[in-house]
Ligand code: DLL
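Numbering (the working numbering), first residue to last: 22 to 467.
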């Protein structure tokens, strides 16, 4: 058994595989989900006018929900519903029971607001303990938490989970990279939590300072909040000498801890006793056939302050078949390859940034820092992939650079079926992020 039970903090949530819902027999899990679904639907219907209206429109009442399979009778919730009900319209409890608010940053307009009762915070802590335990962390680990603290859910979510696990938490938050590296080195850090792109930045800066992370006790990273690829995982694991785990979540549902990989690193377990997953065809809204790719839809089964019924995440994934390497019974999804709204269409072809990442990282001499710039020239969309190359490559002969450029363009073209421009740029010329990286710059409307 790779998970170990934490036992240090008297009041901690701890992780005991024997009693964890991660391993319950499926019939028992379905019973629990059915019971919780009935409760949450009743709570939403009775307390949230928005849900009462939507359910009335569909002719479905809480009494019509008998088991978890009835989830499909419920209305969907979409991001614009949260914007329309901004800030507190979807709360199901009075404000005096709400003990915390978070908000997603959002690039345009108003953010998405999330509310938590004390019970919700306890659930969040529990699923974060289960996430970190799945990623093989336990009591005795020293966890540097470089997710941003604040309205973003990453910082506080990982913080309370790591404490409750019985680990030592260092709340560095994001930014001040030199200090991050000092802490990593001097405090005997064994695991780090941050976005994969910020970890790349830390890796680069450490190298500049002459520090090889492989020489440190650091053994694991729990990375999420943005899409990343297997190719990126390989780069990170090799450069830092760690195991890199994928963790998933979103503000609307709870924050980080909706799902996480176990030591098998083969898909993310969804903590489905709290967040019931479905995968639908984004066009028709119907469930996709078992194992096929589609949009992840989540229903919060235990949330009190802000229940979400069938929330359309826009994140694209599929269920993975077969048993998990760790014996967990809760279902796994493949890593989120992209969001449906990240996709761009170029000359009639659908392209995802992750496909480009996967292709360019397969080519030697590139660094994992890139940006995709979209422009429109005489009505035609153009894609320029700017990628940093290693200093050795950059100082190489012009012919060698041209050769690399051609190889990259060809590899990307073979993957995405469109011709793209490739610009090789100097190390450090692409902006680094302390949180979520901006991979696509769309200048088509400018
Ligand atoms: O990013 C919560 C989080 C914090 C997750 C820390 C993991 C670690 P939001 O800011 O609301 O919440 O963004 C949620 O980010 O719908 C996905 O599109 C994307 N996302 C989150 N985790 C992953 C992941 C947090 N592991 C949105 N892989 C989600 C791919 C991810 N995309």
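Where is the CB? At the ideal position from N, CA and C, for every residue including glycine.
When the Cα atoms are used, what is the spatial distance from residue 355 to residue 50?
Cα to Cα, the separation comes out at about 21 angstroms.
Which runs of the beta strand (DSSP E) at least 3 residues long sit entirely within the stretch 347-382? Give them in chain order.
Counting whole runs of 3 or more residues, the stretch 347-382 contains the beta strand (DSSP E) stretches 365-367 and 370-372.
So what does DSSP say about residue 124, is it helix, strand or coil?
Three-state result, residue 124: strand.
Around the C-beta of residue 290, are 16 or more other C-beta atoms found within 10 angstroms, so that it is buried, or is it exposed?
Buried: at least 16 other Cβ atoms inside 10 Å.
Write down the C-beta distance between residue 147 and residue 186 rounded to the nearest angstrom, noting that I regard them as a contact closer than 8 angstroms.
Not quite, the Cβ-Cβ distance comes to about 10 angstroms (not below 8 angstroms), so this is no contact.
Report yes if the C-beta distance between residue 340 and residue 377 is below 8 angstroms; otherwise report no.
Not a contact, by the Cβ cut-off of 8 angstroms.
Using CA coordinates, which residue listed in 393, 397 and 296 is at the minimum distance from residue 406?
For residue 406, the nearest C-alpha among the options comes from 393.
Pick from 177, 238 and 180: whose alpha carbon is nearest that of residue 204?
That would be 238, whose Cα lies nearest to the Cα of residue 204.
Please find out if some non-hydrogen atom of the ligand DLL comes closer than 7 angstroms to the beta-carbon of residue 246.
Yes, Cβ of residue 246 sits closer than 7 angstroms to a heavy atom of the ligand DLL.
Going by other Cβ atoms of all chains shown within 10 Å of its Cβ, with 16 needed for buried, is residue 366 buried or exposed?
Result: exposed.
When DSSP labels each residue in this structure, what does residue 189 get in the three-state scheme?
The answer is strand: DSSP assigns residue 189 an E or B state.
For the structure I just gave you, are there three or more beta carbon pairs, one from the stretch 244-256 and one from the stretch 215-222, closer than 8 angstroms?
Counting Cβ pairs under 8 angstroms, three or more are found: they touch.
Contact between the stretch 63-73 and the stretch 105-114 is defined here as three or more beta-carbon pairs at a separation below 8 angstroms; is this criterion met?
Yes: the two stretches touch, three or more of their Cβ pairs being nearer than 8 angstroms.
How long is the line joining the alpha carbons of residue 36 and residue 180, rounded to whole angstroms?
Roughly 16 angstroms separates the two Cα atoms.
From residue 196 to residue 332, what does the alpha carbon distance come to, in whole angstroms?
Distance between the alpha carbons of residue 196 and residue 332 is about 32 angstroms.
Nearest to residue 194 by CA position, among 151, 175 and 40, is which residue?
Closest by alpha carbon: 175.
Whole angstroms are fine: how far does the CA of residue 211 sit from the CA of residue 375?
So the alpha carbons of these two residues sit roughly 29 angstroms apart.
Which of the three DSSP states is assigned to residue 170 in this structure?
Residue state, collapsed to three classes: coil.
Nearest-angstrom Cα distance between residue 190 and residue 154?
Answer to the nearest angstrom: the Cα atoms are 14 angstroms apart.
Any chance the stretch 221-229 sits against the stretch 429-439, with 3 or more Cβ pairs inside 8 angstroms?
At 8 angstroms Cβ cutoff, the stretches do not touch.
Evaluate residue 80 with the Cβ neighbour count: other Cβ atoms within 10 Å of its Cβ, from every protein chain shown; 16 or more gives buried, anything less gives exposed.
When all chains shown are included, residue 80 counts as exposed.
Take residue 284 as the anchor and find which of 242, 324 and 294 has the nearest alpha-carbon.
Checking every option, the nearest Cα to that of residue 284 belongs to 242.
Counting only runs that start and end within the stretch 235-322, where is the beta strand (DSSP E) found for 3 or more residues in a row?
For the stretch 235-322, whole beta strand (DSSP E) runs of length 3 or above, ordered along the chain, are 241-245, 264-271, 276-282, 289-291, 296-301 and 315-321.
Sort 317, 328 and 258 by Cα distance to residue 73 and report the nearest one.
Selected option, being the one with the closest Cα: 328.
May I ask you to report which of helix, strand or coil DSSP gives residue 72?
Three-state result, residue 72: helix.
Quick check on residue 102: buried or exposed, where buried means 16 or more other Cβ atoms within 10 Å of its Cβ?
Buried: at least 16 other Cβ atoms inside 10 Å.
Does the distance between the C-beta of residue 151 and the nearest non-hydrogen atom of the ligand DLL fall short of 7 angstroms?
It does not: the Cβ of residue 151 is nowhere closer than 7 angstroms to a heavy atom of the ligand DLL.
Do residue 96 and residue 330 count as a contact pair if the criterion is CB distance below 8 angstroms?
Contact: yes.
Below 8 angstroms between beta carbons: does that hold for residue 372 and residue 429?
The answer is no: Cβ separation not under 8 angstroms.
Per DSSP, residue 133 is paired with what?
According to DSSP, which records beta bridges pairwise, residue 133 is partnered with nothing at all.
Give me the residue from 177, 404, 359 and 426 with the minimum Cα distance to residue 369.
Residue 369 has its Cα closest to that of 404, out of 177, 404, 359 and 426.
What do you get for residue 390, buried or exposed, if any count of 16 or more other CB atoms within 10 angstroms of its CB means buried?
When all chains shown are included, residue 390 counts as buried.
From 199, 363, 163 and 317, pick the residue whose C-alpha is nearest to that of residue 461; which is it?
Residue 461 has its Cα closest to that of 363, out of 199, 363, 163 and 317.
Is residue 350 near residue 45, with beta carbons less than 8 angstroms apart?
Yes. Within cutoff.
Apart from the five residues just before and just after residue 447, which ones in its own chain have a Cβ nearer than 6 angstroms to its Cβ?
So the list reads 415, once near-sequence residues are dropped.
Taking the alpha carbon of residue 263 as the point to measure from, which residue in 316, 158, 307 and 304 has its own alpha carbon closest?
Comparing Cα positions, the closest option is 158.
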